[in-house]
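Structure record follows, encoded as structure tokens.
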Amino acid sequence: MKAFEAAARLGSFSAAARELNVTHAAIAQHVRALESHFGQALMDRDGRAMRATGAGRRLAQDLGEGFGTIAAGVRALVQARSDRPVALTTTQNFAENWLAPRLSAFWQAHPDLPVTVAPDNRVVDLRREGFDLAIRYGEGRWPGLEARLLTRGHRVVVAHPDIAARLPIDYSATSDRAIHALMDLPWLPDPTDMEMATWLRALGADPDKARITRLETNGLALAAVRSGAGISRQPLAVVERDLENGRLVALLEEPDSALGYYAVWSPATISPRARVVLRWLQAQV
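Plus 232 on top of the position in the sequence shown (first one is 1) and you've got the working numbering.
Below, the structure written as structure tokens:
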């Protein structure tokens, strides 16, 4: 039908072939196939040109209007995608403590590029749920997606300086006995940290003897730690600004591992605007 519409509009099989980037014979074959299907002539030769018959003119007009509507719909969809904000999803913990404090710098550098951030602890399907980018915690391997490391995900035990002052004067974070000194302090764990008990046992401490207060969200836990209510084991990326400005101090740090926070995207659907956000994310590290 596309071949016939072009031939009827241009009055030439050759011109239609050039427009559609096919051969003259291919256009002729498609037109003959349509004529066979409808059981009537759609195109007649008029000297060296081709002219649509009465039935052909009616069909060509309807097809032209239909193809125009399709093209307009495609353009509108592409334009809507290019105009909409870049949608990013990440965990609530990372969004609140790593991403949000940096967004003002992004908007200063890119005032005409809106970004929406959807905190969600689920691993969502980016294409199905309409996200351009994700920041995920893991080893950087997700089937069908590309990933780039933003920051390592090892954890550090942190506290308000006043809480740290309660530790013995000879306390050393590198000592094998460091964890035992920390067991005398109240703990406010990250609710998403499912490995804390295993980690304590690996260091020779008994998690059942720890004074643990569990809060519903890590935002609440961090607020309590920043106020001096206890200590917490947190991803370094989440508390690095607190450590830089002295609001918290590090009491014990895990060694680096393959785990980290990665920028993740679908190579088939990432837009130029999303690539701007991706480059900015990498520049923050």
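Think of the CB as a built atom: it goes at the ideal place given N, C-alpha and C, for glycine as much as any other residue.
Keep in mind that this is a model prediction, so the values were computed, not measured.
Query                                                                                                                                               : Result
Hey, quick one: how far does the beta strand (DSSP E) through D425 stretch, first residue to last?                                                  : Here D425 belongs to no beta strand (DSSP E), and DSSP marks it neither H nor E.
Decide yes or no for the touch test of the segment 448-457 against the segment 312-331: beta carbon pairs closer than 8 Å, at least 3 of them.      : yes
Which stretch, first to last residue, makes up the beta strand (DSSP E) that contains G370?                                                         : 365-370
Near A442, which residues of its chain fall below 8 Å by C-beta distance, leaving aside the five closest residues on each side in sequence?         : M415, W419, L432
Could you give the distance in angstroms between the alpha-carbon of A249 and the alpha-carbon of A500?                                             : 30 Å
With a threshold of 8 Å, are at least 3 pairs of Cβ atoms found where one atom belongs to the segment 485-497 and the other to the segment 369-379? : yes
I believe P333 touches G385 by the beta-carbon criterion, under 8 Å. Please report the beta-carbon distance rounded to the nearest angstrom.        : Their Cβ separation, rounded to whole angstroms, is 18 Å, which puts P333 and G385 out of contact at 8 Å.
Within its chain, find whatever has a CB closer than 6 Å to the CB of L435; leave out the 5 residues flanking it on each side and keep chain order. : I411
In or out: T383 buried (at least 16 other Cβ within 10 Å) or exposed?                                                                               : buried
Are the segment 233-243 and the segment 273-289 in contact at 8 Å, needing three or more beta carbon pairs?                                         : yes
Is G376 helix, strand or coil when you go by DSSP?                                                                                                  : coil
Would L358 and S498 qualify as a contact pair, given that the criterion is a beta-carbon distance under 8 Å?                                        : yes
Using three-state DSSP, classify T301 as helix, strand or coil.                                                                                     : helix
Three-state secondary structure (DSSP) at A456?                                                                                                     : helix
If you draw a straight line from the C-alpha of D352 to the C-alpha of V457, how long is it?                                                        : 23 Å
Apply the 10 Å Cβ neighbour rule to V306 and answer buried if 16 or more other Cβ atoms are within range, or exposed otherwise.                     : exposed
From R465 to P317, what distance separates their C-alpha atoms?                                                                                     : 35 Å
Taking just the CA atoms, how far does F363 sit from D518?                                                                                          : Any property of residue 518 remains undetermined from this structure, which presents the chain solely from 233 to 517.
Whole angstroms are fine: how far does the CA of P393 sit from the CA of P421?                                                                      : 18 Å
Quick one, are the C-beta atoms of V471 and L483 less than 8 Å apart?                                                                               : no
Closest by CA to N329, which one among G462, V508, A455, A461?                                                                                      : A455
How many angstroms separate the CA atom of L274 from the CA atom of E267?                                                                           : 6 Å
Looking at the structure shown, is D276 part of a helix, part of a strand, or coil, going by DSSP?                                                  : strand
In this structure, what does DSSP give as the bridge partners for P418?                                                                             : R443
Which residues does DSSP list as the beta-bridge partners of R316?                                                                                  : Bridge partners of R316: none, in fact.
Could you check what DSSP says for P400 in three-state terms: helix, strand or coil?                                                                : coil
Which same chain residues, not among the five before or five after E486, have their C-beta less than 6 Å away from its C-beta?                      : H386, R387
Using 8 Å as the threshold, is the C-beta distance between P439 and A429 below it?                                                                  : yes
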